[in-house]
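Residue numbers (this note's numbering), protein chains in the order written: chain A, 1 to 294; chain B, 1001 to 1712. Built from N, CA and C at the ideal position, the CB exists for glycine as well. These numbers were taken from a predicted model, which means no experiment stands behind them. Some notes on the structure that comes next.
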């Protein structure tokens, strides 16, 4: 698929009421606040392959009733792109720093994919700051993964570029856009998904393959550590999981719901980015969850 | 308004799993428990002007999600009627509520109440905060919290008055003079929404059950619960649990100001119902049930379970078919329509929400019966319970089915909220049609309504009152369609314009025929089978000898027909000599025990006949009730038949008879005047006769399906 990039960001339905930066160990993290109203909805960053604009389907809706907080994960968007420091605990620390900087005592966490691990750290280690957590297609080490994710080495040079062989640091350096187009077409495997794919490719191009390589595989939390975190989550949990998720898979979300004792909503026919592909359904699920917390 | 008092309680949609009494200071209070969900929901009674049946619109639904506990107030229902005013103080009822919860083993509970009941619930929550999970106060009355409704201050309530006009009826002297007159006035004020006859009737009967003494003691002589407005405010402000306040704009009993004060003092949620009166539980049960469930789910969240939402373009094409079980007749025509529908949409999955006896036909056809069907309150049983000797007041039976209709609609709603259907089809699914028009925001799919008659018609001996009631029902239906034409995407009349009766919907209402032609599509009649081509061959297959004169007597799937079967059996000895080759076969059907029928020599009684319609096609004479399905089957197969419309059954006496006369089919008999002798004579005259009926179309199911198929 060829993606035509237009030079400037498209019109937003809602612009931030406040934005700023917080600096940790010399790394600047860009945050934004939209709207007002309790509780604060904290839309966490996912893998730095994209930045906070991926929540564009949620922000305008929730900002009408809530204070919505977002930040760009280190490595993309308006945040710095340090050479290292992409461990999960750094993202969690960034999140707390953003909460402090914005005077956010507590919030409902919403995370996508890789964001799940940060959210788990926050919910388990800082329970006083977390009212509840929603995990969308969580990338966790629990439950069954997808068979095709283990086929190729990420680290070694491969003699093919076919399919998931593109998930390889050498291919990233060779054809970064090609990787992004492949990856996001897997993420949005619902038919007629050109726009969300384009969006994500565009956001991916805002960073570099070098940064992405730096984010990859840095001290990930292993299954045991994640399970232990899940056991300590006391606030309500909702897992939203696409049944056709080709990036992390149905087994992950199902296992996370079980490990946290949370609610599970399956989206039949959805891939890995239902908040972008089916924003109305996801917004309604989020609203119901938030309303029940109140 | 005149309210005719039936002697016995109408069928409930749900009966208690447990009941009992608690006794405090010698006063026995009767309670009931429904369901066994983990969370208890106590629904308080109101003053002794009513009893626990006031919650009949809520119990069947809520008990699927909660353990529902109700009790009769002292002074009404099955509770004692103490004779001292002290025993009727608010605080005594609050203590009764706590005692009932203790007796039923509930340590915590959601508390609900209407009017005084809202007050009791708030008082219990204020004084026992560990017990109360939440309070739903509908049209709440907390005496003294705010000035009372102006209606109660128009006239002194305890002094003799020289008028009975309007609110002068709120007077103990009038109560003692004409208690029923008072109740009729009072509840017509509290149910000011048009078309509330049934709800008013119910309330009047429940009021009569309590009696005037209870009401005088409770409302006029019992000590007030609070010494001052300040004391009332302080108490309400002590409520710590979540509170929902519901108040109808047209409430003639409790003011909006009072309801708002409750919401404000408890930091509760206030829901105003516009156009609604004091008793939305009865008049707007679907809306109120939704509010109660939503509130309860927030206060006591149900255990998490896996839910699924399917992306629009990932959904299979699905229809939910709701087939009325009243009479066996709808089942076969609905199956025929479903088959035609599948021809047009081979990928269409059809689920059936249906109950016995329809399910028997569906199972035999291999149709998929939605598992929730098992939770439907049974309408056939109700209809049988309403019938007497060859007598069924069909209109009143439907009215007295109101609780079942609410319960079954709530079930339908749960089903269509859990699963995606592209299309809802309701064949005389009264609950679906009525409550969709009453709650139009709930329509989330294409919807087709099918019926074979239009218009409630009064029976002659029902007098002016029945004329008034049927016209009122018709008027509501006409208003529904006029105001919300988007609800029925198709309205299909199973028949032809000439089958529609020439009557009027009632005084100042349109003619039924004109209106129906404007608002319906006509599918023609749907028999659900191909007419028999070779009758001789069929007779041979079924084992009938060529010269035998076969007479089949059947009342279909109805349990109402035992008297007719016996009457015809009694005619057999007289008929046999007149028709020497007579072979009479009496089919008891699924709901009559054949052992209860006499079987004189030479007469065959059978419990069930497989493919009865084939035997009806082969016979020389049939004797049936006035139901549409069987009589039209006989018409389509051009068989002579005698039919006996059930007494007081407006559909059989007017609608079906009109249609049969148009086809020139059948000989109408009168159960009242036609005894065994007359029946024997008629058998002899009719059996084996060649008929000249108007032919019945055979493409009705395909035409109906075509009309429906356009929607998916």
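- Residues are counted here when their Cβ sits less than 8 angstroms from a Cβ of chain B; for the stretch 279–293 of chain A these are 281, 285, 291, 292, given in chain order.
- If you draw a straight line from the Cα of residue 1119 of chain B to the Cα of residue 1246 of chain B, it comes to about 13 angstroms.
- Within the same chain, and ignoring the five residues on either side of residue 1616 of chain B in sequence, the residues whose Cβ sits closer than 8 angstroms to its Cβ are 1552, 1554, 1622, 1630, 1633, 1634, 1637, 1639.
- Looking at the DSSP output, residue 1132 of chain B shares a beta bridge with B:1109.
- The stretch 1346–1365 of chain B and the stretch 1306–1322 of chain B touch, with three or more beta-carbon pairs separated by less than 8 angstroms.
- Here the C-alpha atom of residue 123 of chain A lies approximately 37 angstroms from the C-alpha atom of residue 1105 of chain B.
- Of all residues in the stretch 1290–1307 of chain B, the ones placed with a Cβ closer than 8 angstroms to any Cβ belonging to chain A are 1297, 1298, 1301, 1304, 1305, 1306, 1307, in chain order.
- A straight-line Cα-Cα distance of about 8 angstroms links residue 1467 of chain B and residue 1457 of chain B.
- Annotation: residue 1014 of chain B has no Cβ neighbours in chain A at a cutoff of 8 angstroms; minimum Cβ distance is about 28 angstroms.
- Residue pairing for residue 1388 of chain B: DSSP places it in a beta bridge opposite B:1391.
- Closest in alpha carbon position to residue 1394 of chain B, among B:1578, B:1654, B:1171, is B:1654.
- In the three-state reduction of the DSSP assignment, residue 1443 of chain B falls in the coil class.
- Contact check for residue 1646 of chain B against residue 1625 of chain B passes: the beta carbons are separated by less than 8 angstroms.
- Interface criterion met: the Cβ of residue 191 of chain A is under 8 angstroms from a Cβ in chain B.
- Around the Cβ of residue 1157 of chain B, a 10 Å sphere holds 16 or more other Cβ atoms; the residue is buried.
- Residue-level contact by beta carbon fails for residue 1269 of chain B and chain A, as no gap is shorter than 8 angstroms.
- In this structure, residue 1705 of chain B keeps its C-beta atom at 8 angstroms or more from the C-beta atom of residue 1423 of chain B.
- With 16 or more other Cβ atoms inside 10 Å of its own Cβ, residue 1500 of chain B counts as buried.
- Residue 65 of chain A carries a coil assignment under DSSP once its states are collapsed to helix, strand and coil.
- Residue 1100 of chain B and residue 1222 of chain B have their C-alpha atoms spaced approximately 22 angstroms apart.
- With respect to the C-alpha of residue 248 of chain A, the residue from A:144, A:78, A:132 having the closest C-alpha is A:144.
- One Cα belongs to residue 1526 of chain B, the other to residue 1582 of chain B, and the distance between them is close to 31 angstroms.
- Of all alpha-carbon atoms in B:1056, B:1316, B:1470, the one lying nearest the alpha-carbon of residue 1280 of chain B is that of B:1056.
- The three-state reading of DSSP puts residue 93 of chain A in helix, counting H, G and I together.
- For residue 1311 of chain B, the residues of chain A that pass the 7 angstroms Cβ criterion are 190, 267, 268, 269, 270, 278, in the order they occur in the chain.
- Nearest neighbour of residue 1397 of chain B by Cα position, chosen from B:1407, B:1528, B:1409, B:1384, turns out to be B:1384.
- Listed as beta-bridge partners of residue 1018 of chain B by DSSP are B:1033.
- At a C-beta separation below 9 angstroms, residue 262 of chain A has these neighbours in chain B: 1304.
- Going by DSSP, residue 1630 of chain B is part of the alpha helix (DSSP H) stretching over 1628–1636.
- Per DSSP, the beta bridge partners of residue 1247 of chain B are B:1272.
- Taking a Cβ-Cβ cut-off of 7 angstroms, the neighbours of residue 1314 of chain B in chain A comprise 268, 269, given in sequence order.
- Burial state of residue 1488 of chain B is buried, judged by a 10 Å Cβ sphere holding 16 or more other Cβ atoms.
- In this chain, residue 1226 of chain B is not harboured by any beta strand (DSSP E), its DSSP state being neither H nor E.
- Residue burial is scored here from C-beta neighbours: residue 1272 of chain B has fewer than 16 other C-beta atoms within 10 angstroms and is therefore classed as exposed.
- Inter-residue distance for residue 164 of chain A and residue 182 of chain A is about 8 angstroms (C-alpha atoms, whole angstroms).
- Closest option to residue 47 of chain A, judged by alpha-carbon separation, among A:211, A:150, A:270: A:211.
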